[in-house]
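In my numbering, the protein residues as written are 342 to 661.
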């Protein structure tokens, strides 16, 4: 798959997820076989760029692979300014968010709320594409609600505006994350445009990844929640797509090593206290299939410093 001058050797992309796809997780997923990892969503409002949350999301130094930054907003000029700002700070690809279904985003007419207003979508896309000399990509949903699936029309509009790759989540905004993702609209979008199309939604196994690629004809798949606590899903999927065979599941020892490396990276990136807070949810995802009854996880969530977390994880994996 090609995005401007950048060729993805592996058709697997880590979906941008607020509070999840920070730099430590992006690096880990790239090490585990993702071809591209997109940053957490950044607001186009410059008033929040100096907040701690935004500053950490803007850290792109020492990125492995192509640095792709997602921006969100509803004002064309602010979106253009945000794109320029991030390119000046190291972004090699700008991704526009028109897929987030969160109420706090939609009430500002950003994210998937924009799908209701094609004219505004066009103004934003044209402004951002004109503002930067790097590839601009777009993430959407299939429409606003099941009665208004306008993904094909938005895709055609995006291609006319110079968007170089389109990722589509197989639900409408009204569906949030309920029910099953549908891939017929993504299939129709792929047939309607010439630019690369990336299929997203409910891809949690190598078999589902293969099916989605074949069914939709998409150029790549985007994995989000399926990689939470399972970053090795990328290498398993890459191997299965290439060979048709399953990789053995990572051993307990390898899982312990991956988790420790991830938690240490979180402590280093955020600092001991904040890093310990962020690590809790990741550890919860990693150990969901191990810790029956959740006794260890409940005890782990109460730990407030970095070293006690690392010591607890070491004791836990020794017990296995």
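Glycine is no exception: its CB is placed at the ideal position from the N, C-alpha and C atoms. All values derive from a computational prediction rather than experimental measurement.
**Asked** Quick one: what's got a C-beta closer than 7 Å to residue 578's C-beta in the same chain, skipping five residues either side?
**Response** 353, 547, 550
**Request:** Could you check if residue 510 is buried or exposed, using at least 16 other CB atoms within 10 Å of its CB as the buried criterion?
**Result:** buried
**Request:** Just tell me which of 635, 504, 378 has its CA closest to the CA of residue 538.
**Result:** 504
**Asked** Per DSSP, what kind of secondary structure is residue 660 in: helix, strand or coil?
**Response** helix
**Prompt:** So, helix, strand or coil for residue 598, using DSSP?
**Reply:** helix
**Coil, strand or helix - residue 428 by DSSP** = helix
**Request:** State buried or exposed for residue 594, treating a residue as buried only when at least 16 other CB atoms are found within 10 Å of its CB.
**Result:** exposed
**Asked** By Cβ distance below 6 Å, which residues in the same chain neighbour residue 446 in space, the five residues on each side in sequence not counted?
**Response** 452
**Request:** Using 10 angstroms around the beta-carbon of residue 506, count the other beta-carbons present and answer buried if the total reaches 16, otherwise exposed.
**Result:** buried
**Prompt:** For residue 409, is the classification buried or exposed, using 16 other Cβ atoms within 10 angstroms of its Cβ as the cut-off for buried?
**Reply:** buried
**Request:** Give a yes or no on whether the C-beta atoms belonging to residue 492 and residue 526 are separated by under 8 Å.
**Result:** yes
**Message:** With a threshold of 8 Å on Cβ separation, who are the neighbours of residue 381 within its own chain once the five nearest residues in sequence on each side are excluded?
**Reply:** 357, 358, 359, 360, 361, 362, 363, 398, 411
**Per-residue DSSP class, three states only, for residue 381** = strand
**Request:** Work out the CA separation of residue 603 and residue 631 for me, nearest whole Å.
**Result:** 18 Å
**CA-to-CA distance, residue 556 to residue 615, given in whole angstroms** = 42 Å
**Request:** Select from 471, 517, 466, 487 the residue whose C-alpha is nearest the C-alpha of residue 497.
**Result:** 466
**Close Cβ partners of residue 533 (< 7 Å) along its chain, the five nearest in sequence each way excluded** = 493, 496, 497
**Asked** Any C-beta of chain B sitting closer than 8 Å to the C-beta of residue 459?
**Response** Chain labels in this structure do not include chain B; a single protein chain is all it has.
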